[in-house]
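J.: Encoded as structure tokens, here's the structure I'll be asking about.
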Amino acid sequence: MPETNRFYSLIIPVYNRPDEVDELLESLTKQTYTNFEVLVIEDGSSLPCDDVVSRYTLSLDIRYFAKENEGQGFTRNYAYERASGDYFIVFDSDCIIPSHYLETVNSHLNTEWLDAFGGPDKSHESFTDVQKAISYSMTSPYTTGGIRGSKKHAGTFHPRSFNMGISAEVWKKTKGYVITRMGEDIEFSIRIINSGFKVGLIEDAYVYHKRRTDFRQFYKQLFFFGRARVNIGRFYSSEIKFFHLFPVCFFLGFLFWLLILPWLMPGLFIFGAGMLLGYYMLIFFDSFFKNGKSLSIASKSLIASFIQLFAYGHGFVSEWLKFIKEPYSG
Numbered sequence: 001m002p003e004t005n006r007f008y009s010l011i012i013p014v015y016n017r018p019d020e021v022d023e024l025l026e027s028l029t030k031q032t033y034t035n036f037e038v039l040v041i042e043d044g045s046s047l048p049c050d051d052v053v054s055r056y057t058l059s060l061d062i063r064y065f066a067k068e069n070e071g072q073g074f075t076r077n078y079a080y081e082r083a084s085g086d087y088f089i090v091f092d093s094d095c096i097i098p099s100h101y102l103e104t105v106n107s108h109l110n111t112e113w114l115d116a117f118g119g120p121d122k123s124h125e126s127f128t129d130v131q132k133a134i135s136y137s138m139t140s141p142y143t144t145g146g147i148r149g150s151k152k153h154a155g156t157f158h159p160r161s162f163n164m165g166i167s168a169e170v171w172k173k174t175k176g177y178v179i180t181r182m183g184e185d186i187e188f189s190i191r192i193i194n195s196g197f198k199v200g201l202i203e204d205a206y207v208y209h210k211r212r213t214d215f216r217q218f219y220k221q222l223f224f225f226g227r228a229r230v231n232i233g234r235f236y237s238s239e240i241k242f243f244h245l246f247p248v249c250f251f252l253g254f255l256f257w258l259l260i261l262p263w264l265m266p267g268l269f270i271f272g273a274g275m276l277l278g279y280y281m282l283i284f285f286d287s288f289f290k291n292g293k294s295l296s297i298a299s300k301s302l303i304a305s306f307i308q309l310f311a312y313g314h315g316f317v318s319e320w321l322k323f324i325k326e327p328y329s330g
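Heads up, the sequence shown stops at 330 in the UniProt record's numbering, and the numbers go up one at a time, no gaps.
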């Protein structure tokens with residue numbers, strides 16, 4: 001569907017993040033492709049961002065909506081219902097958008113049409129070392145199976161809602177999200193694919209995604225992601241793949257190695273320590289060379305990678321123990 005002047009609706013659901021919204025909107029004023037509107041949807045926040053939005057009414061075609069809290073999935077539906085664009089793109093509020101983003105997306109859609117797309121995330125130079133370490137962990141093939149923002153990903157690519165676009169036609173046919181939390185974007189992506197739409201990755205349509213700012217918050221987020229994967233299994237039993245079980249094996253294996261093997265089989269405990277050391281040396285040096293040979297980021301990447309695997313596995317096992325009492329619905 002080549003179209004030189006396609007109109008985009010950029011959707012930003014937000015919950016108690018006015019400072020993040022300010023930075024995101026500032027980045028949108030620098031877009032080289034300018035045929036777009038912005039919808040900011042306040043999802044029951046106690047810290048509203050209406051004052052922030054009001055500062056951009058002259059520089060952006062922007063609309064602000066405040067509603068009761070329903071969760072991110074149904075908040076995106078709320079925005080889709082009110083959007084005027086030919087194509088809808090959702091960003092998390094903790095993203096910064098490169099100036100070329102929309103021009104890149106529009107060019108790709110003119111060359112190779114996609115009914116829905118996702119883009120990767122990268123680390124911005126302004127991020128803290130902890131944020132850069134978390135970004136490394138969340139995009140490294142050594143911790144995620146290469147499923148986030150790579151054409152060499154393992155399994156089917158499913159766009160994620162921190163950087164996800166759909167055509168107006170997809171919205172009309174699918175009616176958006178059917179669950180509002182815990183894997184809602186993956187469920188939606190699967191349903192889009194199953195409806196026969198063309199879905200793909202636009203690798204150069206990346207965003208700078210801050211994610212969490214400290215390791216405690218990161219643990220809580222990844223614990224939730226692990227639970228969410230099991231929740232997706234309630235709808236699509238085939239969507240729990242072997243690479244989703246790697247963090248589960250890591251979580252259970254680490255506990256067994258730490259708590260049982262020293263007393264039961266000391267020799268195997270030492271062997272396991274060597275394997276773990278080798279694995280984390282791989283992560284350390286990979287992060288070191290990908291992050292400008294920064295010892296600080298590489299060291300923090302070890303912590304982030306451990307948290308990612310352990311917390312995801314912890315959340316998965318926790319939700320699975322609840323889930324085994326209920327049948328699959330997919």
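Glycine included, C-beta positions come from ideal geometry on N, C-alpha and C.
Quick one: using the 10 Å Cβ neighbour count with 16 as the cut-off for buried, is Gln-308 buried or exposed?
T.: On the sequence shown, position 308 is the one that residue 308 refers to. Classification of Gln-308: buried, given that the 10 Å Cβ count is 16 or more.
J.: Taking Thr-128 as the reference, give the member of Leu-259, Tyr-219, His-244 and Ala-298 with the closest Cα.
T.: Against the sequence shown, residue 128 aligns to sequence position 128. That would be Ala-298, whose Cα lies nearest to the Cα of Thr-128.
J.: Fully enclosed by the stretch 52-128, which alpha helix (DSSP H) runs are 4 residues long or longer?
T.: With a minimum length of 4 residues, the continuous alpha helix (DSSP H) runs that stay inside the stretch 52-128 are 72-82 and 101-111.
J.: Between the beta-carbon of Ser-123 and the beta-carbon of Ser-135, is there less than 8 Å?
T.: For the purposes of this step, residue 123 is taken as residue 123 along the sequence shown, with counting starting at 1. For the purposes of this step, residue 135 is taken as residue 135 along the sequence shown, with counting starting at 1. Yes, they are a contact pair.
J.: Can you find the residues in the same chain that come closer than 6 Å, C-beta to C-beta, to Arg-211, ignoring five residues on each side of it along the sequence?
T.: Your numbering for residue 211 matches position 211 in the sequence shown. Here the set comprises Ile-134.
J.: Take Met-164 as the anchor and find which of Phe-7, Pro-48, Phe-215 and Ile-12 has the nearest alpha-carbon.
T.: Looking up residue 164 in the sequence shown gives position 164. When only C-alpha atoms are compared, the closest one is Ile-12.
J.: Of the residues Asp-94, Cys-95 and Ile-89, which one's Cα is nearest the Cα of Val-105?
T.: For the purposes of this step, residue 105 is identified with residue 105 of the sequence shown, where counting begins at 1. Measuring from the Cα of Val-105, the nearest candidate turns out to be Ile-89.
J.: Return helix, strand or coil for Pro-13, following the three-state DSSP convention.
T.: By one-based count along the sequence shown, residue 13 stands at place 13. Of the three classes helix, strand and coil, the one that applies to Pro-13 here is strand, per DSSP.
J.: Rounding to the nearest angstrom, what Cα-Cα distance links Asp-121 and Ser-238 in this structure?
T.: The sequence position of residue 121 within the sequence shown is 121, counting from 1. The sequence position of residue 238 within the sequence shown is 238, counting from 1. Between Asp-121 and Ser-238, the C-alpha separation is close to 27 Å.
J.: Please tell me whether Ala-205 and Gly-119 are closer than 8 Å, where the distance is taken between their beta carbons.
T.: One-based indexing of the sequence shown puts residue 205 at position 205. One-based indexing of the sequence shown puts residue 119 at position 119. For Ala-205 and Gly-119, yes; Cβs fall inside 8 Å.
J.: Does DSSP classify Ala-311 as helix, strand or coil?
T.: Within the sequence shown, numbered from 1, the residue matching residue 311 stands at position 311. Here Ala-311 sits in helix by DSSP.
J.: Straight-line CA distance for Lys-175 to Asn-77?
T.: Here residue 175 corresponds to residue number 175 of the sequence shown, with the count starting at 1. Here residue 77 corresponds to residue number 77 of the sequence shown, with the count starting at 1. Spanning the two alpha carbons is a distance of roughly 8 Å.
J.: Taking only the alpha-carbon atoms, compute the straight-line gap between Leu-58 and Leu-28 and give it to the nearest angstrom.
T.: Residue 58 sits at position 58 when you count from the first residue of the sequence shown. Residue 28 sits at position 28 when you count from the first residue of the sequence shown. Going from the Cα of Leu-58 to the Cα of Leu-28 covers about 13 Å.
J.: Could you tell me the alpha carbon to alpha carbon distance between Phe-250 and Tyr-142, rounded to whole angstroms?
T.: On the sequence shown, position 250 is the one that residue 250 refers to. On the sequence shown, position 142 is the one that residue 142 refers to. Near 13 Å, if we compare the C-alpha coordinates of Tyr-142 and Phe-250.
J.: If we call anything under 8 Å between Cβ atoms a contact, is Glu-70 one with Asp-92?
T.: The count along the sequence shown starts at 1 and reaches residue 70 at position 70. The count along the sequence shown starts at 1 and reaches residue 92 at position 92. Taking 8 Å as the Cβ cut-off, Glu-70 and Asp-92 do not qualify as a contacting pair.
J.: Along the chain, which unbroken stretches of the alpha helix (DSSP H) at least 4 residues long are found entirely within the stretch 206-240?
T.: Taking only runs of at least 4 residues, the alpha helix (DSSP H) segments lying wholly in the stretch 206-240 are 215-233.
J.: Using CA coordinates, which residue listed in Trp-113, Asp-19, Glu-319 and Ser-45 is at the minimum distance from Phe-197?
T.: Residue numbering aside, residue 197 sits at position 197 when the sequence shown is read from its first letter. Out of Trp-113, Asp-19, Glu-319 and Ser-45, Trp-113 has the C-alpha closest to the C-alpha of Phe-197.
J.: When the Cα of Ile-62 is compared with those of Phe-243, Glu-68, Cys-49 and His-314, which residue comes out closest?
T.: Counting from one through the sequence shown, the residue named residue 62 turns up at place 62. The option with the nearest alpha carbon to Ile-62 is Cys-49.
J.: 8 Å is my cut-off, CB to CB: does Arg-181 come that close to chain B?
T.: In the structure shown, chain B cannot be found, because there is only a single protein chain.
J.: Which residue or residues does DSSP assign as beta-bridge partners of Leu-201?
T.: Taking the first residue of the sequence shown as position 1, residue 201 is located at position 201. Answer is Gly-118.
J.: Within 10 Å of its beta-carbon, does Ala-66 have 16 or more other beta-carbons around it, so buried, or fewer, so exposed?
T.: The residue you call residue 66 lines up with position 66 of the sequence shown. Flag for Ala-66 reads exposed.
J.: Out of Tyr-101, Lys-132, Asp-51 and Val-52, point me to the one whose CA is closest to Ser-296's CA.
T.: Stepping through the sequence shown from its first residue, residue 296 is reached at position 296. It is Lys-132.
J.: Are Glu-187 and Phe-235 closer than 8 Å when you measure CB to CB?
T.: Here the question's residue 187 lines up with position 187 in the sequence shown. Here the question's residue 235 lines up with position 235 in the sequence shown. In contact: Glu-187 and Phe-235 (Cβ atoms closer than 8 Å).
J.: Give the secondary structure of Ser-305 by DSSP, where H, G and I count as helix, E and B as strand, and everything else as coil.
T.: Walking along the sequence shown from the start, residue 305 turns up at place 305. Three-state DSSP puts Ser-305 in a helix.
J.: Just to confirm my understanding: we take Phe-218, look at its own chain, exclude 5 residues before and 5 after, and list those with CB closer than 8 Å. What are they?
T.: Start at 1 with the first residue of the sequence shown, and residue 218 comes out as number 218. Excluding sequence neighbours, Phe-218 sits near Ile-134, Arg-211, Arg-212, Ala-304, Ile-307, Gln-308 and Ala-311.
J.: Since Ser-287 and Ser-301 are thought to touch, with beta carbons under 8 Å apart, how far apart are those beta carbons, to the nearest angstrom?
T.: In the sequence shown, the residue the question calls residue 287 occupies position 287. In the sequence shown, the residue the question calls residue 301 occupies position 301. Sure, about 4 Å apart at Cβ, within 8 Å.
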